[in-house]
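In the working numbering, the protein residues as written are 84 to 209.
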């Protein structure tokens with residue numbers, strides 16, 4: 084059985100997609116952007132600020148599914164500029180902590196004002 088995960092603590096998707104999907108122990112969090120869930124506005128103008136908000140949004144969807152960052156096996160990071168990688172890594176390391184999940188980082192074009200998007204794949208024990 085597939086379960087759609089939704090929460091008011093992460094932005095409502097503007098496209099036809101779910102914030103997250105759980106099937107058995109597998110949880111996929113859709114790509115999250117640095118939007119404030121309450122206002123829909125972009126949070127921050129720096130990669131550090133936007134990464135912080137994006138990871139908050141990822142964490143909110145994980146929590147809505149009964150999971151946390153400790154359950155994440157891979158995070159996929161989409162950046163608009165390779166020069167932003169050191170700044171992203173600093174915030175990422177401080178937020179994720181020890182026992183980092185696997186990660187893929189790719190460089191993409193996002194809509195104006197957006198610098199980062201992150202999705203997550205988690206495996207839950209129950």
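The beta-carbon is built from N, C-alpha and C at its ideal position, and this holds for glycine as well.
Computed from a predicted structure; not experimentally measured.
Where the alpha helix (DSSP H) through residue 136 begins and ends: Run containing residue 136: 130–147, per the alpha helix (DSSP H) assignment.
Delimiting residues of the alpha helix (DSSP H) encompassing residue 179: First-last of the alpha helix (DSSP H) with residue 179: 168–179.
Sub-8 Å separation of residue 94 and residue 116 beta-carbons: The Cβ atoms of residue 94 and residue 116 lie closer than 8 Å to each other.
Meets three-Cβ-pair contact criterion under 8 Å: the region 98–105 and the region 119–139: These segments do not touch.
Cross-strand partners of residue 118 (DSSP beta bridge): According to DSSP, residue 118 bridges with 125.
Spatial neighbours of residue 149 in its chain, beta-carbon cut-off 8 Å, leaving aside the 5 residues before and after: Excluding positions up to five away in sequence, the list reads 207, 209.
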